[in-house]
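Counting in the numbering used here, the sequence shown runs from 83 upward without gaps. C-beta: ideal position from N, C-alpha, C; glycine also. What you are looking at is a predicted structure, and each value in this text was computed from that prediction instead of being measured.
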Amino acid sequence: MNKNASLTDDTGAQSRPWWMTAMAIGCMLTVVVTMIGDFFSEGARDTEVWFGFEVTGRAARLTAPLHWAFFAVCAWAFWARKPWIVRVAAAYAFYAALSHLVWSEVSENGRGWSIGLVQAAAISSVGFILLRAGRSVPRDCPPVL
């Protein structure tokens, strides 16, 4: 069986792997849910987390669009099967894992290092899974538009 078989349909046209489609949909849903929360929920609108530290008020409202933009670009890149997106998404998963670890300790809403380590391990596993899955996507395949 051709190792690239999952990347072509019956006509031989290029297609994206199922997991890239799932990631694109997940990223777009994240954009929609976070935008709705940021517009209509005062608590969500007034708090953002960067590197594990909460920013509130005006700083949160000004930086929220960065989260929206990041996930929107990721949704597009997974949908278009851009070759760099797997590494970017994996790096973001590792960043989110570290952020959860820090947040668990420094935030008054955190539950301490032990829970932070569990969260970090679970979120890091997504990064490792992405890196492994990304090896199955040939680098020389043109992106799907």
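Can you tell me whether residue i is buried or exposed, with buried defined as 16 or more other CB within 10 angstroms of its CB?
i	result
Gly216	buried
Ile118	exposed
Val188	exposed
Arg98	buried
Can you give me the Cβ contacts of residue i inside the same chain, cut-off strictly under 6 Å, excluding the 5 residues immediately before and after it?
i	result
Ile197	Ser186
Leu144	none
Leu183	Gly198 and Ala202
Met110	Ala157
Gly125	none
If you draw a straight line from the alpha carbon of residue i to that of residue j, how long is it in whole angstroms?
i	j	result
Phe210	Ser181	17 Å
Ala142	Phe135	11 Å
Phe133	Ala178	8 Å
Glu190	Leu148	24 Å
Phe121	Arg140	13 Å
Spell out the partners DSSP gives residue i in its beta bridges.
i	result
Thr229	For residue 229 there is no data in the structure shown, the boundaries of the chain being 83 and 227.
Going by beta carbon distance, what residues of the same chain come within less than 7 Å of residue i, once the five residues before and after it are set aside?
i	result
Pro176	At residue 176 the sequence reads Phe, which differs from the Pro that was named. The residues are Ser206 and Gly209.
Met102	Phe160 and Arg163
Ala106	Ala157, Phe160 and Trp161
Measure how close the beta-carbons of residue i and residue j come, nearest whole angstrom, since I'm counting them as under 8 Å.
i	j	result
Val113	Phe153	5 Å
Trp166	Thr116	So it is not a contact: roughly 23 Å between Cβ atoms.
Which residues in the same chain as residue i place their Cβ atom closer than 8 Å to its Cβ, once the five residues preceding and following it in sequence are excluded?
i	result
Val137	Thr129, Glu130, Val131 and Thr145
Val168	Leu212, Leu213, Ala215, Gly216 and Val219
Arg193	Ser186
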